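The working numbering numbers the first residue of the sequence shown as 4 and each following residue consecutively. Note sheet for the following structure.
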Amino acid sequence: MYEVFTDHLSLQHMFTQKDLNLRQRRWIELLKDYDVTIQYHPSKANVVAYTLSRKSLGISKSCGVLASIEVRATFIEKIKDKKFENENLEELRKKTVISKA
């Protein structure tokens with residue numbers, strides 16, 4: 004038997020409601036295979052869990068960057084490498100060198 008504790012009071016009565024929307028029906032369909040009871044536990048009485056849940060949010064924000072990103076100008080390098088393979092550019096480069104001399 005599983006006991007689920009929640010601070011959402013209406014979930015405790017979900018299994019006994021007559022009219023359910025589609026989302027609630029899907030959850031009921033999923034949970035009906037398990038021996039589950041839903042118990043209401045007010046959030047004010049659950050101080051430890053509330054504090055721990057808020058603490059983990061603080062930790063994840065401060066440790067958000069775990070990898071560094073290196074940006075290189077690979078596009079410019081590719082253009083420089085390809086300029087000697089293009090016959091038209093090579094011919095223009097030769098004409099430019101000849102005219103400067």
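Positions of the beta carbon are idealized from the N, C-alpha and C atoms, including for glycine. Since the structure is predicted, the reported quantities are computational estimates derived from the model, not experimental observations.
- GLN42 sits in a strand when the DSSP states are folded into three classes.
- Among the bridge pairs identified by DSSP, THR19 is matched with none.
- ILE41 sits away from GLN20, with the two beta carbons spaced by 8 Å or more.
- The C-alpha of ILE79 is placed about 58 Å away from the C-alpha of ASN49.
- Shown here, TYR37 sits in coil according to DSSP, grouped into three states, outside any helix or strand.
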